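Okay, structure first, notes after.
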Amino acid sequence: MTRQFRTLVSLTLATFLLAACVTAPVVPVTQIPPTSIPPKPPKIALVLGGGAIRGFSHIGVIKVLQAEGIVPDMVVGTSAGSVAGALYAAGLSGYDMQTIAFDIDKATVMDWSIFSKGMLKGEALQDFVNKAVGNKSIENLKIPFACVATRLDTGDAVLFQRGNVGTAVRASSSVPGVFQPVVIAGVEYVDGGLVSPVPIRYAKQMGADFIIAVDVSSPPSAAPTTGKVDVLMRTFDIMGKSIRAWESPMADILVRPDLTKVSSTDIEAKHQAILEGERSMQAALPLLREKLKQRMQPIGAVVAAP
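Under mature numbering (1 follows the signal peptide of the UniProt record, and there is no 0), residues -19 to -1, 1 to 287 are what the sequence shown spells out, in order.
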């Protein structure tokens, strides 16, 4: 009897529970909208190539980038690009640099040498740069900066990321035969354009993942050379052609100002060079905006569990 009673109670409870399940209101499942992973802003590098007087084009490029509100996370330069890059990294605006450029003449950087290693000492260039950046060291500039020079004893590239700005820029800009090699800690250095005329790969080594590169090298020309320096500069461009072809595809944006009418040795052409820098960067802005927009898109979607 006791067993039958327990069975009856169990059946009764089961009936009530089933009824409760049928009649209880259905609680709707809350739909949690998917959330996107916030995009990580790209680390932007401005890479400025060498090209003597053509390097004034970098000022025009910087003016346009500043007007667009684009501030790089680092600046890397070679030769003339190291000069413009150092001033910009120190906090000078494109317009500040343009004002300085308009006041530059041959006497500003030409300190003749009696020694056979180079026509110019390079000390005037060093002093000019140090004065322009307020005698700051590389590591104390507002924007991380580096410049490339070439070891004369090994032919290896060296990336200067600390120390005296003027000395590093002088080493990066010491065109063999024009400037004396720069001696730093017992090692002679010459122009970085020998090993990396547009130092894109070094920007990548520094952690950049979005690169705006400016190539101001001379295009091939059938025009007669005008002197020893012109011959040297054309030789430089020929030497750097294959290196530029290898490095250029690494850039996200490659700016090439039209400098066919700008001689690498004519300082009076600086106004035209700045203008061409502005024009080329303006032309590249739509692609730059689009690529930066793509990099800022949300990275996939994450659905939270209810």
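Beta carbons are placed, not taken as given, at the ideal position from N, Cα and C, and that holds for glycine.
From a predicted model like this one, the values you see are computed outputs, not experimental measurements.
Keeping to the same chain, check which residues put their C-beta closer than 8 Å to that of isoleucine 34; ignore five residues upstream and five downstream. Ala61, Val243, Ser244, Ser245, Thr246, Asp247, Ile248, Ala250, Lys251, Ala254
Go ahead and pull the three-state DSSP assignment for asparagine 121. helix
Based on DSSP bridge pairs, tell me the residues matched to tyrosine 170. Arg132, Val163
Answer with buried or exposed for phenylalanine 126, where buried requires no fewer than 16 other C-beta atoms within 10 angstroms of its C-beta. buried
Spatial neighbours of glycine 66 within its chain, please: C-beta separation below 8 Å, excluding the five flanking residues on both sides. Leu27, Leu29, His39, Val56, Val57, Gly58, Phe126, Cys128
Going by DSSP, what residues sit across from isoleucine 25 in a beta bridge? Phe191
What is the DSSP secondary structure of glutamine 278, counted as helix, strand or coil? coil
What do you reckon, are the CB atoms on glutamine 107 and valine 164 nearer than 9 Å? no
Can you round the beta-carbon distance between asparagine 111 and valine 146 to whole angstroms, since I take them to be within the 8 Å contact cut? 6 Å
From the DSSP output, in three-state form, read off asparagine 116 for me. coil
Return the bridge partner residues of threonine 59 from the DSSP annotation. Val129
Would you mind giving the Cβ-Cβ distance between methionine 231 and lysine 185, rounded to the nearest angstrom? I have them listed as a contact below 8 Å. 6 Å
Here's the rule: buried if 16 or more other CB atoms are within 10 angstroms of the residue's CB, otherwise exposed. What is alanine 166? exposed
Under the rule that 16 or more other beta-carbon atoms within 10 Å means buried, what is proline 19, buried or exposed? exposed
Consult DSSP for methionine 91 and reduce its assignment to one of helix, strand or coil. coil
What are the boundary residues of the alpha helix (DSSP H) that glycine 41 is part of? 38 to 49
Residue of Val156, Phe109, Glu257 minimising C-alpha distance to methionine 220: Val156
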